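**Student:** Below you will find the structure I want to go over with you.
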């Protein structure tokens with residue numbers, strides 16, 4: 010069965026377990042929590058995905074075989090802006 014799940018993006022731990030093939034739909038803030046929403050197959054086996062959050066103006070690591078896939082941008086009520094990227098190739 011397919012459904013929409015919400016996952017919290019933790020800047021201290023980028024590992025998020027979600028069903029294989031999950032399609033990330035959007036990111037945003039729910040209160041002060043940076044979240045992503047994904048369409049998932051609830052019957053699929055879980056896999057680890059590496060989702061990183063970077064504030065505007067913050068440096069992103071590069072090299073060592075890491076590629077970044079843009080996921081989305083979230084805007085906090087206090088004016089801060091964070092950008093979610095999935096690291097590919099780790």
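Numbering (my numbering), first residue to last: 10 to 99. Using N, Cα and C, we set each Cβ at its ideal position, and we do this for glycine too. Bear in mind the structure is a predicted one, so any value in this text is a computation, not a measurement.
#1: In angstroms with no decimal places, state the Cα-to-Cα distance between residue 20 and residue 11.
#2: Three-state secondary structure (DSSP) at residue 100?
#3: Under a three-way DSSP split, which group does residue 86 fall into?
#4: Does the count of Cβ pairs from the region 36–43 and the region 64–78 closer than 8 Å reach three?
#5: From which residue to which residue does the beta strand (DSSP E) around residue 47 run?
#6: Let me know the secondary structure DSSP gives residue 12 once reduced to three states.
#7: Beta carbon of residue 16, beta carbon of residue 49: below 7 Å?
**Tutor:** A quick look at the data gives this:
#1: 27 Å
#2: This structure does not reach residue 100, given that the chain is present from 10 up to 99, and the question cannot be answered.
#3: coil
#4: no
#5: From DSSP, the beta strand (DSSP E) with residue 47 extends over 42–50.
#6: strand
#7: no
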